[in-house]
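Colleague: Quick one: this structure, given as structure tokens, is what I'll be asking you about.
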Amino acid sequence: MITDRFDQPLTVASEAAAEAYVQALDLSFASEPGAGERIEAALAADPDFALAYCVQSRTLLLEGRATEARAAVERARSLAGPTTPREQAHVEIVARATEGDGPGALALLEAHADAHPRDALPLSLALGVYGLLGFGGFVDFPERQVALLERVAPHWGEDWWFDTFLGWAYVEVGDLARGIPLLDRALAARPTNANAAHARAHGYYEAGAPAEGDAFIAGWLPCYDRSAVLHCHLCWHRALFALQMGEPERAMDIYRDGIRPSVSQTLPMFTMIDGAAFAWRAALQGYALSPEELRELAAFTDDRFRKAGVPFANVHAAIVLAAAGETEALEDLIEEVDNAVADGRQPCGDVGARL
């Protein structure tokens, strides 16, 4: 039987399709470019490969193509019938997460993780600040993330993907002694792994080591394409390190070169959030964006984020609009958020609205 690299059996027509699928999954897990091309190769080799459509849906979602992502996961559902029960559950978890049913996806995942602790894609959906736990409205999200990963850890051994997320989870709860060695091991196993590089930047920040963190990102970032999903965010981390080191002009140069909307090539939501967060941090230290730069960020925000979305994005959009004095746009956003809270569409309740 053909399996993926996590030893999970695959209902697939050929080794070629399975190989391309595994390559796509790894590129996605590392936030490296190229996952879309490899999944197209997998589907060219086997157009009825249900799990390949799940990876395709996640890739499309990361590119901001939500409608196409939902279509891909619906295709996965339509093809899941002849697959194994594990694959059917895998498809349903991904489908619910893609369709916005976070609580439903998380409930299925909790049971699935016990039955299939090495089924990596469903497990990955719970992880990180943008995952099902991070956006689930849980006050103890970091602790829940550690608990989930520790539950399945005995089944993993050394694996660069698992080491990345367990290491990062430890860092987020302040356990640097366990987290940082795992992240270093993950980077040694796959040096191009942007998720591990990002998590390692968090480790330097939490350790109060801005000079070391700045040097790490400066050395790592040139290998990473500007269009890749975490490029802007890693620039943001480096800009914060520069602020910590008392180098505001260099921080501003990093913003202008890698974060501002006119140069960032990542998803609009990430560009807006990182722009807002940098502007806020810089202003708190007495170094405001220029009026022109603030207008650029506000126009970008108003154009794409006047409608209420996830609370994390809503709050950052409000920061930008308030700082730029865009009162009308800010009032529209507040009304949208209030309506979303009333409709039960904000997992954290009215926390975002009050902020």
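In this note's numbering, the protein residues as written are 1355 to 1709.
Glycine residues also receive a C-beta, built at the ideal position from the N, C-alpha and C atoms.
If you're wondering where the values come from, they're calculated on a predicted model, not measured in any experiment.
1) Count the other CB atoms, across all protein chains shown, that sit within 10 Å of the CB of residue 1429; report buried if there are 16 or more and exposed otherwise.
2) Which residue's Cα is closest to the Cα of residue 1386: 1411, 1416 and 1372?
3) Residues in the same chain with beta-carbon distance under 8 Å from residue 1537, minus the five sequence neighbours each way, listed in chain order, please.
4) Locate the alpha helix (DSSP H) running through residue 1457, then write down its first and last residues.
5) Touching or not, the segment 1447–1467 and the segment 1632–1650, by the rule of three or more beta carbon pairs under 8 Å?
6) Does DSSP classify residue 1622 as helix, strand or coil?
7) CA-CA distance, residue 1439 and residue 1367?
8) Please name the residue in 1653, 1455 and 1603 whose C-alpha comes closest to that of residue 1639.
9) By Cβ distance below 6 Å, which residues in the same chain neighbour residue 1449 in space, the five residues on each side in sequence not counted?
10) Return the chain-ordered list of same chain residues with a C-beta closer than 7 Å to the C-beta of residue 1485, the five sequence neighbours on each side being excluded.
11) Could you give the residue range of the alpha helix (DSSP H) that holds residue 1549?
12) Less than 8 Å between the beta carbons of residue 1420 and residue 1406, yes or no?
13) To the nearest angstrom, how far is the alpha carbon of residue 1626 from that of residue 1441?
14) On the premise that residue 1702 lies in contact with residue 1491, defined as a C-beta separation below 8 Å, what is that separation, rounded to the nearest angstrom?
15) Do residue 1443 and residue 1462 have their beta-carbon atoms positioned less than 8 Å apart in this structure?
16) By DSSP's criteria, residue 1363 is part of a beta bridge. Which residues make up the other side?
17) For residue 1519, name the three-state secondary structure that DSSP assigns.
18) Can you tell me the Cα-Cα spacing of residue 1689 and residue 1637, whole angstroms?
19) Taking 7 Å as the limit between beta carbons, can you name the residues of its chain near residue 1471, skipping five residues before and five after?
20) I'd like to know whether the C-beta atoms of residue 1384 and residue 1546 end up nearer to each other than 8 Å.
21) Here's the rule: buried if 16 or more other CB atoms are within 10 angstroms of the residue's CB, otherwise exposed. What is residue 1708?
22) What are the start and end residues of each continuous beta strand (DSSP E) run of 3 or more residues lying completely inside the segment 1404–1463, in chain order?
23) Considering only the beta carbon of each residue, do residue 1590 and residue 1529 sit closer than 8 Å?
24) In angstroms, rounded to a whole number, what distance separates the CA positions of residue 1664 and residue 1358?
25) Could you round the C-beta distance between residue 1654 and residue 1615 to whole angstroms and report it? I think they count as a contact, below 8 Å.
26) Going by the beta-carbon positions, is the gap between residue 1705 and residue 1662 smaller than 8 Å?
27) Inspect the beta-carbon positions of residue 1588 and residue 1571 and report whether they are closer than 8 Å.
28) For the alpha helix (DSSP H) that residue 1602 lies in, which residues bound it at each end?
29) Quick one: grab the DSSP three-state call for residue 1478.
Modeller: Let's see:
1) buried
2) Looking from the CA of residue 1386, the closest CA among 1411, 1416 and 1372 belongs to 1416.
3) 1517, 1518, 1521, 1522, 1525, 1550, 1553, 1554 and 1557
4) Judged by DSSP secondary structure, residue 1457 falls within the alpha helix (DSSP H) whose first and last residues are 1456–1469.
5) no
6) Correct three-state label for residue 1622: helix.
7) As the crow flies, the alpha-carbon of residue 1439 is around 18 Å from that of residue 1367.
8) 1603
9) 1427 and 1431
10) Non-local C-beta neighbours of residue 1485 in its own chain, meaning closer than 7 Å and more than five positions away in sequence, comprise 1479, ordered along the chain.
11) 1548–1560
12) no
13) 36 Å
14) About 4 Å separates the two Cβ atoms, so the contact holds.
15) yes
16) Checking the DSSP bridge columns, you'll see residue 1363 partnered with 1357.
17) helix
18) 27 Å
19) 1506 and 1509
20) yes
21) Counting Cβ neighbours within 10 Å, residue 1708 comes out exposed, since fewer than 16 surround it.
22) none
23) no
24) As the crow flies, the alpha-carbon of residue 1664 is around 33 Å from that of residue 1358.
25) Yes, residue 1654 and residue 1615 are in contact; Cβ-Cβ is about 4 Å, under 8 Å.
26) no
27) yes
28) Segment 1602–1612, the alpha helix (DSSP H) holding residue 1602.
29) helix
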